[in-house]
Amino acid sequence: MFRSHTCGELRTEHIGHEVTLAGWVHRRRDHGELIFLDLRDRYGITQVVFDSITAMAHKVAEESRSEYVLQIRGRVRARPAEAVNPHLGTGTIEVEALEAQVLNPSRTTPIYIAQEGGEDEMIRLKYRYLDLRRERMQRNLILRHRVIKFMRDFLDEEGFLEIETPILIKSTPEGARDYLVPSRVHPGKFYALPQSPQQLKQLLMVAGYDRYFQVARCFRDEDLRADRQPEFTQLDMEMSFVDQEDVIQLIERLFIELCRAVVPHKHVPTPFPRLTYAEALARYGSDKPDLRYGLELINLSDLLMATPFQVFQQALANGGEVKGLCIPGCGSYSRKQIDELTEFAKIGGARGLAWAIVPADGGEVRSSFGKNLGEGEMSAIVERMAAQPGDLLLIVADQPTVVAAALDRLRREFAQRLKLADPNTLNFSWVLDFPLVEWNEDEARWDAVHHPFTAPQDADMHLMATDPGKVRAKAYDLVLNGYEAGGGSIRIHRRDVQQQLFDLLGITPELAQAQFGHMLEAFEYGAPPHGGIAPGIDRIVMILADESTIREVMAFPKTQQAVDLMTAAPSPVDERQLKELHINLR
RNA sequence: GGACCCGUGGUGUAGCGGUUAACAUGUGGCCCUGUCAAGGCCAAGAGCGCGGGUUCGAAUCCCGUCGGGUCCGCCA
Numbered sequence: 085m086f087r088s089h090t091c092g093e094l095r096t097e098h099i100g101h102e103v104t105l106a107g108w109v110h111r112r113r114d115h116g117e118l119i120f121l122d123l124r125d126r127y128g129i130t131q132v133v134f135d136s137i138t139a140m141a142h143k144v145a146e147e148s149r150s151e152y153v154l155q156i157r158g159r160v161r162a163r164p165a166e167a168v169n170p171h172l173g174t175g176t177i178e179v180e181a182l183e184a185q186v187l188n189p190s191r192t193t194p195i196y197i198a199q200e201g202g203e204d205e206m207i208r209l210k211y212r213y214l215d216l217r218r219e220r221m222q223r224n225l226i227l228r229h230r231v232i233k234f235m236r237d238f239l240d241e242e243g244f245l246e247i248e249t250p251i252l253i254k255s256t257p258e259g260a261r262d263y264l265v266p267s268r269v270h271p272g273k274f275y276a277l278p279q280s281p282q283q284l285k286q287l288l289m290v291a292g293y294d295r296y297f298q299v300a301r302c303f304r305d306e307d308l309r310a311d312r313q314p315e316f317t318q319l320d321m322e323m324s325f326v327d328q329e330d331v332i333q334l335i336e337r338l339f340i341e342l343c344r345a346v347v348p349h350k351h352v353p354t355p356f357p358r359l360t361y362a363e364a365l366a367r368y369g370s371d372k373p374d375l376r377y378g379l380e381l382i383n384l385s386d387l388l389m390a391t392p393f394q395v396f397q398q399a400l401a402n403g404g405e406v407k408g409l410c411i412p413g414c415g416s417y418s419r420k421q422i423d424e425l426t427e428f429a430k431i432g433g434a435r436g437l438a439w440a441i442v443p444a445d446g447g448e449v450r451s452s453f454g455k456n457l458g459e460g461e462m463s464a465i466v467e468r469m470a471a472q473p474g475d476l477l478l479i480v481a482d483q484p485t486v487v488a489a490a491l492d493r494l495r496r497e498f499a500q501r502l503k504l505a506d507p508n509t510l511n512f513s514w515v516l517d518f519p520l521v522e523w524n525e526d527e528a529r530w531d532a533v534h535h536p537f538t539a540p541q542d543a544d545m546h547l548m549a550t551d552p553g554k555v556r557a558k559a560y561d562l563v564l565n566g567y568e569a570g571g572g573s574i575r576i577h578r579r580d581v582q583q584q585l586f587d588l589l590g591i592t593p594e595l596a597q598a599q600f601g602h603m604l605e606a607f608e609y610g611a612p613p614h615g616g617i618a619p620g621i622d623r624i625v626m627i628l629a630d631e632s633t634i635r636e637v638m639a640f641p642k643t644q645q646a647v648d649l650m651t652a653a654p655s656p657v658d659e660r661q662l663k664e665l666h667i668n669l670r
């Protein structure tokens with residue numbers, strides 16, 4: 085044994101004990117004849133004192149530098165009252181070194197472990213094994229472990245079985261771009277890495293494993309974002325003989341209890357608020373609204389049906405809408421600031437931004453468009469938006485999707501600027517009644533919004549043939565503080581309904597057979613009604629950890645170009661490897 | 001594919017047409033028995049991501065390129 089205790093373990097009760105510690109030199113305070121070393125491991129920090137009387141040990145301390153790995157035998161003693169360190173768990177004691185040896189020296193590290201952050205993320209990722217020594221990353225990875233452990237224990241208690249599914253699976257052109265793995269044995273053929281174990285978990289339902297889950301690694305070859313990595317982890321789940329409400333109830337209990345266990349200082353409003361997809365878009369411009377604050381979109385369309393203002397009039401005439409946000413207390417914004425907001429809205433697709441200011445001193449409303457309005461329209465707008473003196477009104481007129489995108493951006497921007505979102509609230513919510521399909525302009529066809537196995541709502545079945553865009557799906561998203569934290573659905577278990585949907589999606593029987601033949605066949609052998617959900621573990625842990633990127637809760641993440649800076653993956657391979665795989669590079 | 005931001009000793013920053021390229025921290029040496037971001041003294045360490053251009057003169061301006069980030073597209 086290299087150690088008798090960890091560096092976070094010793095307390096007053098250990099005083100007088102002889103102990104052996106091993107760890108890294110966190111900091112060194114060299115007073116000449118007396119040297120203090122903070123020895124660190126992942127459990128904590130213990131102060132070790134080297135007196136020159138114990139000459140051999142003292143010499144080791146003298147030669148040691150940051151991040152040297154040391155083993156120290158010593159005696160635990162109380163610190164003098166004035167030398168107690170309240171910031172350390174071990175702060176009431178110290179270890180008087182009797183014997184010490186360097187297990188391994190360290191070069192000067194490119195990042196300083198004892199001091200948090202500040203440096204370019206590039207350097208942290210290149211030397212991730214050093215970055216991971218730091219408290220922040222340890223805290224995040226420990227939290228992640230606790231979250232996953234809680235999920236496993238909870239679902240085990242609920243009768244779920246964790247079943248592994250293959251990583252090498254069949255590629256299907258639906259959805260995200262697949263990562264492909266060439267087959268050596270079958271020239272010209274490829275496996276795909278799973279975007280999620282979707283089909284496999286449904287087949288497990290057919291197989292009678294009526295409560296399945298998996299902490300599943302998923303792969304999507306799409307461009308990265310702060311909350312998107314090419315490989316990520318989902319709590320993949322599926323249940324038989326359930327409806328939407330059963331899934332929702334179970335997940336709600338899971339997250340309420342999880343948060344109580346791992347982040348007890350956070351406030352979780354319950355029950356989780358529920359919004360329909362249509363309502364979420366109408367009120368917040370997003371299907372994943374942050375409900376920690378209001379700042380809702382206000383519809384002005386009906387007030388302006390007869391407006392002489394061309395921009396509004398045309399938008400309404402073309403089936404669009406006019407909506408706005410009332411930003412409290414921002415009436416003092418300058419033209420330059422408003423111009424910047426306009427540019428910001430344009431990123432969201434808006435062609436422009438109409439603004440109005442209700443002066444704080446109660447004077448006339450100033451605006452970019454007031455002179456174009458008809459009689460009484462401005463006062464109607466101010467009244468509808470409940471604008472108070474000192475408020476800024478921002479208005480977008482366009483097609484509903486554009487209005488929603490632009491105002492959603494502005495809503496989130498102002499929530500940040502005005503600090504409207506309480507960082508210690510976890511606002512889980514459900515967004516329900518997603519459309520089953522949406523019209524794809526480019527390809528001129530209907531696409532599945534969720535995936536092609538999602539069941540339509542019974543009440544909307546009659547619209548399948550006549551007005552498919554209006555059919556709602558038995559699909560639901562779990563939203564947390566403005567992030568999509570998970571999505572799921574009740575699946576189609578009847579062959580005839582599946583056929584109807586394939587017809588709608590333009591998937592011919594031949595194509596269906598080639599791509600999903602195994603699924604269709606399986607469903608002919610007694611598929612139970614089933615459904616599930618897949619919460620995104622990285623995103624949820626990110627939010628629980630108060631981080632703003634999922635890289636901070638992953639041990640070895642990739643850059644925006646999907647590169648691992650530490651190992652330099654991806655990398656070229658030997659000609660011989662390519663040859664074995666029957667691959668010629670173009 | 002596109003927009004924007006960033007790139008200066010090991011690390012973090014300053015410098016924004018003429019500086020011996022500044023500061024902090026870390027690093028090396030010396031001194032120091034109660035520190036915990038220990039302290040004091042001394043020293044070394046970058047030619048400014050890379051390549052071109054403009055200029056008498058470029059870290060500073062321009063063009064390109066590489067790398068990192070945020071976002072749009074994309075993500076059933």
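Position in the first sequence (from 1) plus 84 gives the number in my numbering.
The beta carbon of each residue, even a glycine, is placed where N, CA and C say it ideally should be.
Quantities reported herein were computed from a predicted structural model and do not represent experimental measurements.
- With respect to Phe134, Leu154 sits apart: the two C-beta atoms are not nearer than 8 Å.
- Gly243 has its alpha-carbon roughly 11 Å from the corresponding atom of Arg236.
- Comparing alpha carbon positions, the residue from Tyr213, Arg149 and Arg495 closest to Ser370 is Arg495.
- Collapsing the DSSP output to three states places Asn188 in a strand.
- Here the C-alpha atom of Arg124 lies approximately 14 Å from the C-alpha atom of Ser148.
- Taking 8 Å as the cut-off, the Cβ atoms of Phe537 and Arg501 do not count as close.
- The residues Met548, in chain order, have a CB closer than 6 Å to that of Gln584 in the same chain once the five nearest residues on each side in sequence are set aside.
- For the pair of segments examined, the region 616 to 624 was found to touch the region 222 to 238: the number of CB pairs separated by less than 8 Å reaches three.
- Residue Leu252 holds the alpha-carbon nearest to the alpha-carbon of Leu277 among Leu225, Leu252 and Gly175.
- Between the region 164 to 181 and the region 202 to 212, the count of C-beta pairs closer than 8 Å stays below three; the two stretches do not touch.
- Here Trp514 is buried, its C-beta having at least 16 other C-beta atoms within 10 Å.
- In this structure, the beta-carbon distance from Glu258 to His535 falls below 8 Å.
- Close CB contacts of Pro373 within its chain, under the 6 Å cut and outside five residues either way in sequence, are with Ala364 (chain order).
- Under a 10 Å Cβ-count criterion, Pro519 is classified as buried, with 16 or more other Cβ atoms of the shown protein chains found around its own Cβ.
- Counting along the chain, the unbroken alpha helix (DSSP H) around Lys663 starts and ends at Glu659 to Glu664.
- Cβ neighbours of Val132 within its own chain (closer than 6 Å, five residues either side excluded): Leu121, Leu123, Ile156, Val179 and Ala181.
- About 4 Å separates the beta carbon of Thr90 from that of Tyr127, a gap short enough to meet the 8 Å contact definition.
- Collapsing the DSSP output to three states places Ile667 in coil.
- Boundaries of the beta strand (DSSP E) around Asp561: Ala559 to Leu564.
- Within the DSSP bridge table, the entry for Gly616 names Glu322 and Ser573 as partners.
- Nearest to Ile591 by C-alpha distance, out of Asp551, Gly378, Val637 and Ala532, is Ala532.
- Nearest C-alpha to Glu461 among Leu400, Thr391 and Ala481: Thr391.
- The Cβ atoms of Ala440 and Leu477 sit closer than 8 Å to each other.
- By the neighbour-count criterion, in which a residue is buried when 16 or more other Cβ atoms sit within 10 angstroms of its Cβ, Asp542 is exposed.
- Beyond the five residues adjoining it in sequence on each side, Leu284 comes within less than 6 Å, by CB distance, of Thr249 in the same chain, given in chain order.
- The C-alpha of Gln279 lies about 40 Å from the C-alpha of Trp108.
- In its chain, beyond the 5 residues on either side, Phe393 have a beta carbon closer than 6 Å to the beta carbon of Asn456.
- Val347 counts as buried, since at least 16 other C-beta atoms from the protein chains shown sit within 10 angstroms of its C-beta.
- The DSSP assignment places complete alpha helix (DSSP H) segments of no fewer than 4 residues inside the region 326 to 402 at 328 to 346, 361 to 368 and 394 to 401, in order along the chain.
- Sequence-distant partners of Gln318 (beyond 5 residues in either direction) whose C-beta falls short of 7 Å from its own C-beta, in its chain, are Ser280, Ala300, Cys302, Ala618, Pro619, Gly620 and Ile621.
- In the same chain as Leu118, and ignoring 5 residues on each side of it, the C-beta atoms closer than 8 Å to its own belong to Val133, Phe134, Asp135 and Ser136, in chain order.
- Taking C-beta atoms as the reference points, Leu288 and Ile247 count as a pair closer than 8 Å.
- Straight through space, the alpha carbons of Pro484 and Glu203 are spaced by roughly 42 Å.
- Between the region 608 to 617 and the region 315 to 329 there are three or more C-beta pairs closer than 8 Å, enough to call the two in contact.
- In this chain, the alpha helix (DSSP H) harbouring Gln283 covers Gln282 to Val290.
- Where Ser513 is concerned, there is no enclosing alpha helix (DSSP H), although the beta strand (DSSP E) around it starts and stops at Phe512 to Leu516.
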